[in-house]
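Whatever position you read off the sequence shown (first residue = 1), add 38 for our numbering.
The C-beta atom is built at its ideal place from N, Cα and C for all residues, glycine as well.
Bear in mind the structure is a predicted one, so any value in this text is a computation, not a measurement.
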Amino acid sequence: MRKLNWLAILLFVPMLALGQAELNRGTVRYEMVGMTAGGADDPSIFTIYFAPGIASTVLSMPSGEEALSVLYNYQENRAYMIFREKRKSLVTPVTLEELSVAGAEFEDYVAENIKSKGKTILGYPCREVRIRLVDGAASSQRVHAWVTDDIHTPCRIANGLESLLGGFPLEITFNMGSGAQGDQVVYKAVDISPAVNADMLKLPE
39 MRKLNWLAIL LFVPMLALGQ AELNRGTVRY EMVGMTAGGA DDPSIFTIYF APGIASTVLS
99 MPSGEEALSV LYNYQENRAY MIFREKRKSL VTPVTLEELS VAGAEFEDYV AENIKSKGKT
159 ILGYPCREVR IRLVDGAASS QRVHAWVTDD IHTPCRIANG LESLLGGFPL EITFNMGSGA
219 QGDQVVYKAV DISPAVNADM LKLPE
């Protein structure tokens with residue numbers, strides 16, 4: 039079965055049982071599954087750690103091995119791509135604009151709030167959003183999401199989608215290609231916590 043390029047997806051797509059409090063710091067963990075015509079890949083875990091002015095994302099492969107993390111320092115307008123291999127870490131600094139280049143293709147898209155009853159995900163009320171081409175043509179990249187207004191961080195699963203989604207996604211599906219044969223990447227939040235590991239919000243030593 040053909041595997042998707044998870045590194046490319048992370049950079050392209052690289053931003054709770056409480057049910058009552060809004061969050062401006064915490065941890066959101068997603069199960070991420072890639073699906074092709076040959077079937078579904080084993081799920082990976084994508085985690086967002088966030089606090090005011092700073093956040094990080096971590097992609098862990100099905101084996102449990104950490105593939106790539108990105109640290110975002112919004113106050114300094116900097117980001118750091120962190121590749122881990124065994125006990126060593128390779129850190130590459132970039133600007134937030136450079137990291138968001140992968141989302142530039144979304145400039146030709148608009149977001150459409152779908153009139154539906156909405157649904158609650160892990161205690162958070164969510165509304166439905168769909169992204170489509172401005173001219174309404176068949177899209178080679180389509181996005182369907184359930185977003186909440188009660189989690190506050192600039193960090194997203196997908197760079198370039200922040201202004202279009204208008205909220206924080208707890209479920210999001212990327213359709214790449216056309217028709218039933220197109221590849222899909224699906225993120226579903228499986229855990230939301232107000233706690234955040236401070237070590238995940240700083241560069242490795």
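- If we call anything under 8 Å between Cβ atoms a contact, is Y110 one with L134? yes
- Message: Using CA atoms only, rank isn't needed, just tell me which of Y112, R116, S82 and I86 is closest to S101.
- Response: S82
- 8 Å Cβ cutoff met for R63 and F88: In contact: R63 and F88 (Cβ atoms closer than 8 Å).
- Query: Which residue's Cα is closest to the Cα of G205: M238, D237 and R168?
  - Reply: For G205, the nearest C-alpha among the options comes from R168.
- Item | Secondary structure of A233, DSSP reduced to three states | coil
- Query: What are the residues that DSSP puts in a beta bridge with L106?
  - Reply: L97
- Item | Closest residue to S107 among T191, V96 and R116 (Cα-Cα distance) | V96
- Query: Residue range of the alpha helix (DSSP H) that G134 falls in?
  - Reply: Looking at the sequence provided, one finds Leu at residue 134 rather than Gly. Here the alpha helix (DSSP H) through L134 covers L134 to L137.
- Quick one: Cα of E15 to Cα of A183, how far? Residue coverage of the chain in this structure runs from 39 to 243, which leaves residue 15 outside it and unanswerable.
- Task: Can you give me the Cβ contacts of P242 inside the same chain, cut-off strictly under 6 Å, excluding the 5 residues immediately before and after it?
- Result: S127
- Pair within 8 Å by beta-carbon distance, S94 and M214: no
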